[in-house]
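Number of protein chains: 2
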Amino acid sequence: MKKGKIKGKYGYDVEVDIAFKDVNPEDYDILVISGGKGPEKMRLDKDALEITKHFFEKNKPVAAICHGPQVLVSAGVIKGRKATCWIGIRDDIIAAGALYEDSEVVIDGNFVSSRSPDDLYAFGREMIKLLK
Amino acid sequence: MKKGKIKGKYGYDVEVDIAFKDVNPEDYDILVISGGKGPEKMRLDKDALEITKHFFEKNKPVAAICHGPQVLVSAGVIKGRKATCWIGIRDDIIAAGALYEDSEVVIDGNFVSSRSPDDLYAFGREMIKLLK
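Taken in sequence, the protein lines are chains R and E. According to the numbering used here, the first sequence holds residues 1 to 132 in order. According to the numbering used here, the second sequence holds residues 133 to 264 in order.
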């Protein structure tokens with residue numbers, strides 16, 4: 001994943017200010033992994049997986065929604081953790097050892113997850129609590 | 133999944149002649165699972181999973197490509213089987229116990245799988261061999 005301008009699903013331009021390879025995860029307080037088609041690419045980026053492992057190893061706040069937990073499967077950090085996700089990947093996180101729950105937001109220590117955009121209010125609420 | 137007209141990704145109309153719930157898998161010689169966004173929906177259809185289990189239990193021919201193996205993860209039939217898939221779901225089939233190989237086509241008895249549309253020639257060739 002490179003620095004620079006990228007186009008979102010609905011045509012909006014987004015300025016990416018840093019590439020995964022240039023991120024020092026020590027500088028960040030929370031990791032937020034959104035959904036859509038991105039996680040299937042992010043999970044193939046070894047630097048993104050190293051960043052993800054850092055947050056879990058240091059027990060720092062992590063929030064993942066929809067397809068976001070695909071990255072957690074690839075980083076090998078979801079086993080034994082309470083989590084939810086987009087229903088289409090439910091069986092994948094279960095196969096990877098997650099303790100799946102069908103709730104708008106699932107809280108497991110410093111890790112929160114939600115199922116879909118319909119859950120964004122609860123997801124945002126619990127994510128912010130992690131930073132307090 | 134219902135009988136009737138559906139629209140494909142590129143706008144083509146497809147006439148679905150039978151719903152999963154009305155399929156008697158005994159009447160069919162091969163199960164072919166294509167990729168794209170379909171498998172994330174098909175894997176949530178209990179009738180589709182029963183059809184899939186029938187083919188594996190009876191050791192009948194199965195061919196899956198791209199995201200198709202997501203259905204095999206949900207049907208619980210991929211553990212211990214040699215397989216390949218779209219690279220974005222590679223870690224999911226590995227978590228589910230598949231013996232992943234990065235090849236244009238992977239043959240494990242009566243089960244063949246491929247990675248992407250670029251592999252279609254090899255996929256079709258081996259699929260047809262299963263029917264001979």
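Glycine included, every Cβ here is placed at the ideal spot set by N, Cα and C.
The continuous stretches of beta strand (DSSP E) do not include Lys2 of chain R, and DSSP gives it neither H nor E. Taking a Cβ-Cβ cut-off of 9 Å, the neighbours of Gly220 of chain E in chain R comprise Lys37, Pro39, Glu40, Lys41, Arg43, Leu44 and Gln70, given in sequence order.
The residue from E:Pro193, E:Pro157, E:Val238 and E:Cys217 with its alpha-carbon nearest to that of Gly168 of chain E is E:Cys217. Looking only at R:Glu126, R:Pro69, R:Asp22 and R:Phe55, the smallest Cα-Cα distance to Ala98 of chain R is reached by R:Pro69. The alpha carbon of Gly170 of chain E has as its nearest neighbour, out of E:Val203, E:Pro157, E:Ile260 and E:Phe187, the alpha carbon of E:Val203. Separation of Ile65 of chain R and Leu176 of chain E (C-alpha to C-alpha, rounded to the nearest whole angstrom) is 19 Å. Counting only runs that start and end inside the stretch 143-170 of chain E, the beta strand (DSSP E) elements of at least 3 residues fall at 145-148 and 163-165. With distances taken between CA atoms, Phe111 of chain R lies nearest to R:Glu57 out of R:Lys21, R:Ala96, R:Glu57 and R:Glu50. At least one CB atom of chain E sits nearer than 8 Å to the CB of Ala95 of chain R.
Bounds of any alpha helix (DSSP H) do not take in Ile197 of chain E; it lies within the beta strand (DSSP E) bounded by Val194 to Ile197.
Inter-residue distance for Lys9 of chain R and Leu120 of chain R is about 18 Å (C-alpha atoms, whole angstroms).
Residue contact check for Ser245 of chain E against chain R: no CB pair falls below 8 Å. For the pair Phe152 of chain E and Ala195 of chain E, the CB atoms are not nearer than the 8 Å cut-off.
Against chain E, a Cβ distance below 8 Å from Asp92 of chain R picks out Gln202, Val205, Ile221, Asp224, Ala227 and Ala228. In the three-state DSSP reduction, Lys214 of chain E falls in the strand class (E or B). Beta-bridge partners of Leu204 of chain E (DSSP): none assigned.
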